[in-house]
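A.B. asks:
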Amino acid sequence: MNKKIVVLGGGISGLTTAYLLHKEGFDVTVLEKKNEVGGSMESVFEKGYLFDRGPNSGLETTPLIGQLVKELRLEDQFCYSNKEGNIRYILRNNQLHPLPMNPASFLKTNLFSWPAKLRLLLEPLVGKSNDGYYQSVAEFVKRRLGNEFLDYAINPFVAGVYAGNPEELSVKSAFPKLYALEEKYGGLIIGTIKSIKERKKRAEKSKQSAKMFSFINGMQTLPKALAEALNDKIITSAEVTSVSKKDTGYTLTYNHEGSTKGINCDVLLSTIPAYVAAEIFKNWDENLIKHFSQIYYPPVVVLYLGYDKNSIKQPLDGFGFLIPIKEKKSFLGAIWSSVIFPNRTIKGNATFTLFIGGARNPEVGNIDKEILFKKVLGEFEGLMGITEKPVYQSYRYWPKSIPQYNIGYIEHEKYFDEFEKKNPGIILGGNYRGGISVGDCIKSSENLANKIKSL
Ligand SMILES: Cc1cc2nc3c(=O)[nH]c(=O)nc-3n(C[C@H](O)[C@H](O)[C@H](O)COP(=O)(O)OP(=O)(O)OC[C@H]3O[C@@H](n4cnc5c(N)ncnc54)[C@H](O)[C@@H]3O)c2cc1C
461 MNKKIVVLGG
471 GISGLTTAYL
481 LHKEGFDVTV
491 LEKKNEVGGS
501 MESVFEKGYL
511 FDRGPNSGLE
521 TTPLIGQLVK
531 ELRLEDQFCY
541 SNKEGNIRYI
551 LRNNQLHPLP
561 MNPASFLKTN
571 LFSWPAKLRL
581 LLEPLVGKSN
591 DGYYQSVAEF
601 VKRRLGNEFL
611 DYAINPFVAG
621 VYAGNPEELS
631 VKSAFPKLYA
641 LEEKYGGLII
651 GTIKSIKERK
661 KRAEKSKQSA
671 KMFSFINGMQ
681 TLPKALAEAL
691 NDKIITSAEV
701 TSVSKKDTGY
711 TLTYNHEGST
721 KGINCDVLLS
731 TIPAYVAAEI
741 FKNWDENLIK
751 HFSQIYYPPV
761 VVLYLGYDKN
771 SIKQPLDGFG
781 FLIPIKEKKS
791 FLGAIWSSVI
801 FPNRTIKGNA
811 TFTLFIGGAR
821 NPEVGNIDKE
831 ILFKKVLGEF
841 EGLMGITEKP
851 VYQSYRYWPK
861 SIPQYNIGYI
871 EHEKYFDEFE
881 KKNPGIILGG
891 NYRGGISVGD
901 CIKSSENLAN
911 KIKSL
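The numbering of the sequence shown is this note's numbering, which starts it at 461 and goes up by one.
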């Protein structure tokens, strides 16, 4: 109980773990580089618009989210998406098609051809594959569900979740539950039916059935409230630069308000991105640095747009739309932000969050923003039937956005496990382990806290 714990990084992973430990009386300090907490969760109010520059929402996949909301007294801030949030569109032949969510709408949809629909029905007859760690999401989906389902459902879905490419992501590391359906039950359709029953028993929600949530003042509300509960246990504007081993425990060096400081600890939890960890641990071992450095974080531009509602012909009745690579557009998709959550815009307007770049188009960072946005706006306004220019525009460039759990990711996972065993008291966490979504990061934090408690 009296061990000193230091957490690197004040994103949702670091803060949730620190909060769970602090609540039980453990001695925890969080070091965060920026002058505010949240990491990727950034919510900005400007001229009456609320722009979530990182995650726009989370999925309530673990009861811990509800528990945190209650304990942090955020009930009046917490909100679920409007019912429109359940309708998601996919672009095909320059038209937005609702993604079918039940067998009847699947049979009626024009999103998939008849041969593709029939191919999908053959899924239960497809045999199992070999080791999924070295199998891409694309190979897996093509084999089980066919080419068209890959192109018009999975390709845009993967762009929406990971800003990634299905040809590069490992099915087992990036979508472990999907892979497990084949491994455990022999197929996706039969596996989905059986796993729903099992999940009900564990009071867990699947990503398909979990409710989409946010906060009236944006996603950053949660890390800010966690930080408030941690109070003086957080040091912001504290950039950790190195870690060294002592006879017992570890010493961290960090820059804080112009001076270099040190802090000792028995347990060190790192939740900073892998490419930063590569710098901080650079005097440790070559292999560790190699594994950290090989994890790819593609660049993403998030563009936020406000329009007069009267200038939009497209009915605003959904979550937004995703674009398959085959449609050859210069952005990945758009969330209809003000449709699904309150408080995102001023009266009479509608706001949209567009995602550009990702692993599909990594050169986005090198393109002049004015030229890029002109092209993207032209395409977006054309698809939405928008006749006037935006009344509000803002953007956030993420040079390294989301870690890609690419083929062979198991090698990184195995090495990190080995490293932790060889260096008792060091724990590697954050979104490059255990899932990238906000829900997964929160779920993983509970495991991290339990791991630390058991040391
Ligand atoms: C553009 C974008 C959109 C996304 N959309 C969604 C979405 O809609 N839904 C969803 O569920 N997920 C989404 N995600 C993913 C999700 O937001 C992240 O995976 C999650 O928030 C990561 O949390 P984390 O705490 O693990 O890491 P981070 O949020 O990256 O936190 C790491 C922290 O470490 C700090 N740090 C870095 N270097 C140092 C240092 N040297 N010393 C001290 N501190 C340091 C950073 O400042 C940061 O605060 C999105 C991510 C991005 C980038």
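In this text, a Cβ means the ideal position worked out from N, Cα and C, and glycines have one as well.
Nearest to Phe779 by CA position, among Lys671, Pro683, Thr847, Ile749, is which residue?
C.D. replies: Considering only alpha carbons, the answer is Lys671.
A.B. asks: List in chain order: all unbroken beta strand (DSSP E) runs of 3+ residues lying wholly within the region 534-608.
C.D. replies: Within the region 534-608, the complete beta strand (DSSP E) runs of at least 3 residues are 538-540, 548-552, 555-558.
A.B. asks: State the Cα-Cα distance for the pair Val824 and Lys464, rounded to the nearest angstrom.
C.D. replies: Approximately 43 Å between the Cα atoms of the pair.
A.B. asks: Looking at ligand 3, does it come within less than 7 Å of Cys901, judged from the CB to the closest heavy atom?
C.D. replies: This structure simply doesn't include ligand 3; it includes ligand 1 instead.
A.B. asks: Verify the contact flag: Pro822, CB atom, against every heavy atom of ligand 1, threshold strictly below 7 Å.
C.D. replies: False, no ligand heavy atom lies under 7 Å from that Cβ.
A.B. asks: Keeping to the same chain, check which residues put their C-beta closer than 6 Å to that of Gly651; ignore five residues upstream and five downstream.
C.D. replies: Around Gly651: Leu641, Tyr645.
A.B. asks: Could you compute how far the alpha carbon of Gly885 sits from the alpha carbon of Leu481?
C.D. replies: Straight-line Cα distance between these residues: approximately 15 Å.
A.B. asks: For Phe675, which of Glu502, Ile755, Asp707 has the nearest alpha-carbon?
C.D. replies: With distances taken between Cα atoms, Phe675 lies closest to Glu502.
A.B. asks: Exposed or buried, which one is Gln680 when buried takes at least 16 other CB atoms within 10 Å?
C.D. replies: Buried, by the Cβ-count rule.
A.B. asks: Check whether the Cβ of Pro584 sits closer than 7 Å to any heavy atom of ligand 1, and report yes or no.
C.D. replies: No, Cβ of Pro584 sits at least 7 Å from all heavy atoms of ligand 1.
A.B. asks: Which runs of the alpha helix (DSSP H) fall wholly inside the region 816-884 and span at least 4 residues, in chain order?
C.D. replies: Counting only runs of 4 or more, we get 829-844, 869-882.
A.B. asks: Return helix, strand or coil for Ala794, following the three-state DSSP convention.
C.D. replies: In this structure, Ala794 counts as strand in the three-state DSSP scheme.
A.B. asks: Please list, in chain order, all residues of the same chain as Ile749 whose beta carbon is under 8 Å from its beta carbon, the five residues on each side excluded.
C.D. replies: Correct list, in chain order: Ala738, Phe741, Lys742.
A.B. asks: Whole angstroms is fine: what's the gap from Arg659's alpha carbon to Ala794's?
C.D. replies: Arg659 and Ala794: Cα-Cα distance of roughly 31 Å.
A.B. asks: From the DSSP secondary-structure annotation, give me the bridge partner or partners of Ile676.
C.D. replies: Paired residues: none, contrary to the question.
A.B. asks: Compute the Euclidean distance between the alpha carbons of Tyr540 and Phe840, then round it to the nearest angstrom.
C.D. replies: Taking the straight line from one Cα to the other gives about 26 Å.
A.B. asks: Quick one: does the C-beta of Val760 sit closer than 7 Å to a heavy atom of ligand 1?
C.D. replies: Yes, Cβ of Val760 sits closer than 7 Å to a heavy atom of ligand 1.
A.B. asks: To the nearest angstrom, how far is the alpha carbon of Lys882 from that of Gly817?
C.D. replies: Between Lys882 and Gly817, the C-alpha separation is close to 38 Å.
A.B. asks: Please report the Cβ distance between Tyr757 and Ser633, rounded to the nearest whole angstrom; I am assuming they are in contact, meaning their Cβ atoms lie under 8 Å.
C.D. replies: Contact flag wrong, Cβ pair sits at about 15 Å.
A.B. asks: If you draw a straight line from the alpha carbon of Tyr549 to that of Thr711, how long is it in whole angstroms?
C.D. replies: Approximately 51 Å, taken between the alpha carbons.
A.B. asks: Quick one: Cα of Thr477 to Cα of Gln754, how far?
C.D. replies: If you take the alpha carbons of Thr477 and Gln754, they lie about 26 Å apart.
A.B. asks: Would you give the residue range spanned by the alpha helix (DSSP H) that Ile525 belongs to?
C.D. replies: Segment 523-531, the alpha helix (DSSP H) holding Ile525.
A.B. asks: Report the start-end ranges of each alpha helix (DSSP H) in the region 612-665 that is 4 residues or longer and not cut off at the edges.
C.D. replies: DSSP runs (the alpha helix (DSSP H)) wholly in the region 612-665: 615-622, 631-634, 636-645, 648-662.
A.B. asks: Using DSSP bridges, identify the partner residues of Leu728.
C.D. replies: Bridge partners of Leu728: Val466, Ile886.
A.B. asks: Does the region 545-564 come close enough to the region 692-704 to have 3 or more Cβ pairs within less than 8 Å?
C.D. replies: No, they do not touch.
A.B. asks: Which residues in the same chain have their Cβ closer than 8 Å to the Cβ of Ser873, if we skip the five residues on either side of it in sequence?
C.D. replies: Here residue 873 turns out to be Glu, not Ser, going by the sequence shown. If we look at Glu873 and ignore the five residues flanking it on each side, its Cβ neighbours are Ser633, Arg893.
A.B. asks: Could you tell me which residues DSSP puts in a beta bridge with Ile694?
C.D. replies: The partner list for Ile694 (beta bridge, DSSP) reads Val490.
A.B. asks: Find out if the Cβ-Cβ distance for the pair Ile867, Ser596 is shorter than 8 Å.
C.D. replies: Going by C-beta atoms, Ile867 is nearer than 8 Å to Ser596.
A.B. asks: Count the other C-beta atoms from every protein chain shown that fall within 10 angstroms of the C-beta of Trp796, then say buried if there are 16 or more, exposed otherwise.
C.D. replies: Buried, because 16 or more other Cβ atoms sit within 10 Å of the Cβ of Trp796.
A.B. asks: CA-CA distance, Asn462 and Asp487?
C.D. replies: C-alpha separation (whole angstroms): 7 Å.
A.B. asks: Measure the alpha-carbon distance for Pro859 versus Ala810 and round it to whole angstroms.
C.D. replies: Near 27 Å, if we compare the C-alpha coordinates of Ala810 and Pro859.
A.B. asks: Between Ile656, Gly890, Asp726, Lys788, which has its C-alpha nearest Thr489's C-alpha?
C.D. replies: Of the listed residues, the one whose Cα sits closest to Thr489 is Asp726.
A.B. asks: Helix, strand or coil for Ile800? Go by DSSP, reduced to three states.
C.D. replies: Residue state, collapsed to three classes: helix.
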